[in-house]
Amino acid sequence: EAAVTQSPRSKVAVTGGKVTLSCHQTNNHDYMYWYRQDTGHGLRLIHYSYVADSTEKGDIPDGYKASRPSQENFSLILELASLSQTAVYFCASSDVRDSGNTLYFGEGSRLIVV
Amino acid sequence: GQQVQQSPASLVLQEGENAELQCNFSSTATQLQWFYQSPGGSLVSLLSNPSGTKHTGRLTSTTVTKERRSSLHISSSQTTDSGTYLCAMNQGGSAKLIFGEGTKLTVSS
Chain A
7 EAAVTQSPRS
17 KVAVTGGKVT
27 LSCHQTNNHD
37 YMYWYRQDTG
47 HGLRLIHYSY
57 VADSTEKGDI
67 PDGYKASRPS
77 QENFSLILEL
87 ASLSQTAVYF
97 CASSDVRDSG
107 NTLYFGEGSR
117 LIVV
Chain B
36 GQQVQQSPAS
46 LVLQEGENAE
56 LQCNFSSTAT
66 QLQWFYQSPG
76 GSLVSLLSNP
86 SGTKHTGRLT
96 STTVTKERRS
106 SLHISSSQTT
116 DSGTYLCAMN
126 QGGSAKLIFG
136 EGTKLTVSS
């Protein structure tokens, strides 16, 4: 059973609309992350969280908000979606007690903004 | 800022051949991970190797920290190894991983 699940798996949004991507993990991990991947490129960190009710900015936070209402759930919010936010978004979790900081990824959410 | 460069960008092998993937990073890494991304897009961690040599199955990773490089060796490649291999690193106690752009491996039968 998948330990990190994302929803929706795919979405088409209109420019200027609001988009919420949700992530749920059953790993009992403290850390959660949102990355985006553009075609043919590596992953870039948008937001992450160490603990519920707290989020941190990653390397490309502009245009995105994050919410961590509980240890299990981490959402990425695009208040005003733009064409440049078309990408695949990955959620991940990791265990603060793991010195290797192994990341466990969800299956990804493909977002197309038109 | 921190950068991670991977080479080659793509690699085509016949089944049974060995693959050697390289990762170079711009600053000293305290964590270094290799990931596999399937053709369908799913991501899985292969191994974490901030220094030294680590083996798992047909995979061997060697990281030379002071030279800021890591390699991933895949022995006796199989068609199911096809996909993209991503290297990621971070510094200090940061949880922020910086990813390279990956090496796309194609193994044909």
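Residue numbers (my numbering), protein chains in the order written: chain A, 7 to 120; chain B, 36 to 144. For every residue, glycine included, the Cβ atom is placed at its ideal position computed from N, Cα and C. Nothing here was measured: the structure is a model prediction, and the numbers come from that model.
The criterion of a C-beta distance shorter than 8 angstroms is satisfied by R15 of chain A and S115 of chain A.
Less than 8 angstroms divides the Cβ of V119 of chain A from the Cβ of L89 of chain A.
Exposure of S129 of chain B is indicated by the presence of fewer than 16 other C-beta atoms within 10 angstroms of its C-beta. Around the beta carbon of Y120 of chain B, a 10 Å sphere encloses 16 or more other beta carbons of the protein chains shown; the residue is thus reported as buried. Annotated three-state conformation of T115 of chain B is helix, per DSSP. With respect to V10 of chain A, C29 of chain A sits close: the two C-beta atoms are nearer than 8 angstroms. Relative to the Cα of Y71 of chain B, the nearest Cα in the group B:T63, B:L81, B:S62 belongs to B:L81.
Taking the CA atoms as reference points, I52 of chain A sits about 31 angstroms from G87 of chain B. Between the region 35-42 of chain A and the region 53-69 of chain B, the count of C-beta pairs closer than 8 angstroms stays below three; the two stretches do not touch.
Taking the Cα of E78 of chain A as reference, the smallest distance to any Cα among A:L117, A:D36, A:S13 is reached at A:D36. Around P85 of chain B, the same chain offers A64, T65, Q66, L67, T98, T100 as residues with beta carbons nearer than 8 angstroms, after the five sequence neighbours per side are excluded. Contact residues of the region 100-115 of chain A toward chain B are S100, V102, D104, S105, G106, N107, T108, L109, Y110, F111, G112, E113, G114 (C-beta to C-beta distance below 9 angstroms). Contacts between L78 of chain B and chain A, judged by CB atoms closer than 7 angstroms, involve F96, F111 in chain order. The C-beta distance from E113 of chain A to Q12 of chain A rounds to 6 angstroms, short enough to fall under 8 angstroms. Cβ-Cβ separation between V25 of chain A and L117 of chain A: approximately 7 angstroms, consistent with a contact (criterion under 8 angstroms). In the DSSP assignment, R103 of chain B forms no beta bridge with any residue. Residues of chain B with a Cβ closer than 7 angstroms to the Cβ of G48 of chain A are, in chain order, L121, F134, G135, E136, G137. For L89 of chain A, the three-state secondary structure derived from DSSP is helix. In the structure shown, L132 of chain B falls within a coil segment according to DSSP collapsed to helix, strand and coil. Per the DSSP secondary-structure output, I118 of chain A pairs in a beta bridge with A:V18.
Comparing alpha-carbon positions, the option among B:S144, B:S143, B:K139 lying closest to P74 of chain B turns out to be B:K139.
The beta carbon of V79 of chain B is closer than 6 angstroms to those of Y71 in its chain, skipping five residues each way along the sequence.
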